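These notes are about the structure you will find just below.
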Amino acid sequence: MNGAKPTRIYPTRKPEGHCPVVQRYSSSLDPSVTKVRVVLFGQQGQVGGFQSLAHHLFASQNAPDHRDDAQYTDPQGIENILTVAYWLDATSYNAWRDSFDAWLAEQDPKEPDKGYWLETFSVPTPYRETIAFKEYLRGLSACPYSTIEPIEESAYWGAARDRFAASAYDTLGPTDDRCLTADTGRDTRGKLLRVTGFPKSLCVIRSGVSWASCGAEQLDSYQRNLAPKLDAGMQYLRDNPAETGCASLRQVTYLNADGSRAPEAFSLGFFLSFSHLEQWAEHHPSHLAIYTRALAERKKYQENLELKTYHEIYVLSDDAEFLYLNCQPSTGLLPYFENSQV
18 MNGAKPTRIY
28 PTRKPEGHCP
38 VVQRYSSSLD
48 PSVTKVRVVL
58 FGQQGQVGGF
68 QSLAHHLFAS
78 QNAPDHRDDA
88 QYTDPQGIEN
98 ILTVAYWLDA
108 TSYNAWRDSF
118 DAWLAEQDPK
128 EPDKGYWLET
138 FSVPTPYRET
148 IAFKEYLRGL
158 SACPYSTIEP
168 IEESAYWGAA
178 RDRFAASAYD
188 TLGPTDDRCL
198 TADTGRDTRG
208 KLLRVTGFPK
218 SLCVIRSGVS
228 WASCGAEQLD
238 SYQRNLAPKL
248 DAGMQYLRDN
258 PAETGCASLR
268 QVTYLNADGS
278 RAPEAFSLGF
288 FLSFSHLEQW
298 AEHHPSHLAI
308 YTRALAERKK
318 YQENLELKTY
328 HEIYVLSDDA
338 EFLYLNCQPS
348 TGLLPYFENS
358 QV
């Protein structure tokens with residue numbers, strides 16, 4: 018957290034005397050930064066030319082502090098390309114957003130086989146946490162004003178919660194007892210829709226892995242032992258929203274500046290609350306299999322571990338917006354909450 022630490026009401030979960038097997042790091046923001054703005058902008062269907070479009074939309078005097086591009090095919094077999102962008106200055110973001118809204122208003126919502134989606138939120142800095150390797154920085158950790166510092170809050174259950182400064186005084190639980198039920202039969206094509214009625218406790222996670230630095234031995238171990246478990250865990254979240262509280266889970270491949278695929282990937286997940294994410298992570302066999310295997314790799318290779326991982330988690334409040342233009346009805350949060358035409 019930036020500035021003075023808050024008065025702690027709820028105890029940390031770090032075991033007494035705990036020392037991580039492998040040193041991990043977390044991003045600390047300049048005290049002048051009070052909120053973090055994240056934008057997920059995607060193109061769906063005909064995705065050719067997306068990176069030129071993204072360059073046009075994001076390369077300006079109000080450009081984000083950092084952005085990453087990625088690609089995935091959704092469960093309906095439709096191609097998507099997206100950019101994840103970060104602003105630490107609200108004035109710059111607001112100016113950029115004005116120009117983006119003007120561009121969006123010019124788009125034809127009935128253009129065949131092409132849709133766009135924008136998912137954006139701003140969170141106070143105590144309501145975000147990160148973990149990374151210092152030589153592998155992505156997302157928020159790669160932003161200016163972000164300093165990477167060693168932490169002890171890793172490799173135990175509850176470490177992610179402890180990394181939230183807000184966990185000292187907030188349970189990070191759901192704001193209501195709703196159960197997710199998908200309505201994939203909605204008429205969403207040819208329209209610009211805004212999702213409303215979502216809980217104010219929504220939690221967003223970006224969790225990534227890079228095998229770019231892996232030699233033959235550790236690459237083989239990742240591909241045989243860990244990657245299948247990652248895929249199985251993500252599939253479980255996609256298939257079981259009612260049980261997990263996961264409203265959207267995208268597995269994406271990181272793209273280089275020239276549009277080629279990089280040897281790294283990340284998942285983007287939306288949960289009803291951080292407590293829902295934590296419950297799955299700590300107790301469900303699909304995540305325990307991931308965690309156990311990853312921990313085994315860390316213990317085996319320790320400081321020589323070549324596989325690099327990171328994640329960043331945000332707990333949202335009321336400063337969030339979700340827009341979908343001519344998207345298929347299972348896109349993002351469309352099937353789970355109210356839709357209103359813009």
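Oh and the sequence shown: position 209 is 226 in the working numbering, straight run, nothing missing. Every residue, glycine too, gets a C-beta built ideally from N, C-alpha and C. Computed from a predicted model, the values in this text were never measured in an experiment.
Taking all protein chains shown into account, do 16 or more other C-beta atoms lie within 10 angstroms of the C-beta of residue i, making it buried, or fewer, making it exposed?
i	result
M18	Annotation note: pLDDT 43 at M18 (below 50); position unreliable, coordinate value reported separately. Per the 10 Å Cβ criterion, buried.
A76	exposed
W134	buried
Q60	buried
A274	exposed
P48	exposed
L312	exposed
T309	exposed
N111	exposed
N242	exposed
H300	exposed
A119	exposed
G94	exposed
N356	buried
G349	buried
S277	exposed
R223	buried
Q319	exposed
K22	exposed
T142	buried
C160	buried
E33	exposed
D204	exposed
R315	buried
D115	exposed
With distances taken from CA atoms, which of the options is nearest residue i?
i	options	result
L272	A87, D47, L351 and L57	A87
E128	N242, A176, C344 and L74	C344
Q40	I148, E338, A259 and R310	I148
G65	D336, N97, R211 and L157	N97
S265	I307, F215 and P245	F215
F354	V269, S44 and A199	A199
Y193	L289, D204 and M251	According to the sequence as given, residue 193 is Asp; it is not Tyr. Comparing Cα-Cα distances from D193 to each of L289, D204 and M251, the minimum goes to L289.
L70	T51, K52, F117 and R30	F117
E166	P37, S43 and Q358	S43
I168	D179, Y162 and P161	D179
S45	K325, T164, T205 and L305	T164
Y186	Y27, V359, P352 and L351	Y27
L351	K208, R145, T90 and E33	K208
W297	E260, V56, C36 and A182	E260
T213	L294, F67 and A337	A337
E152	Y327, F339 and V332	Y327
Y89	L285, G190 and Q78	L285
F291	G132, S230 and T188	T188
V262	K52, G232, H293 and A244	Looking at the sequence shown, residue 262 is not Val but Gly. When each option's Cα is compared against that of G262, the closest is H293.
F58	R195, N321 and L121	L121
P280	V332, L236, T137 and W104	L236
Y341	Q268, R25, E136 and A176	E136
G175	C231, K31 and L157	K31
T108	P126, D91 and A80	A80
In the DSSP assignment, find the beta strand (DSSP E) that holds residue i and state where it starts and stops.
i	result
Y89	H83 to T90
E146	R145 to I148
Q40	Unbroken run through Q40: none, as it is neither H nor E.
S238	Unbroken run through S238 is the alpha helix (DSSP H), A233 to S238; no beta strand (DSSP E).
E355	E355 to Q358
V212	L209 to T213
Please report the residue range of the alpha helix (DSSP H) in which residue i lies.
i	result
S303	P302 to Y318
S69	F67 to F75
G250	A244 to D256
R223	Here R223 belongs to no alpha helix (DSSP H); instead the beta strand (DSSP E) covers C220 to S227.
R178	A176 to R180
With DSSP as the reference, identify every bridge partner of residue i, one or two as the case may be.
i	result
V269	F283
A337	F138
L57	V101 and E136
T326	V226
E166	S43
K52	P141
G62	K131
R278	L272
C263	F288
Y331	R145 and V221
### Task
Taking only runs that begin and end inside the segment 87-163, name each unbroken beta strand (DSSP E) of 3 or more residues, in chain order.
96-104, 131-141 and 145-148
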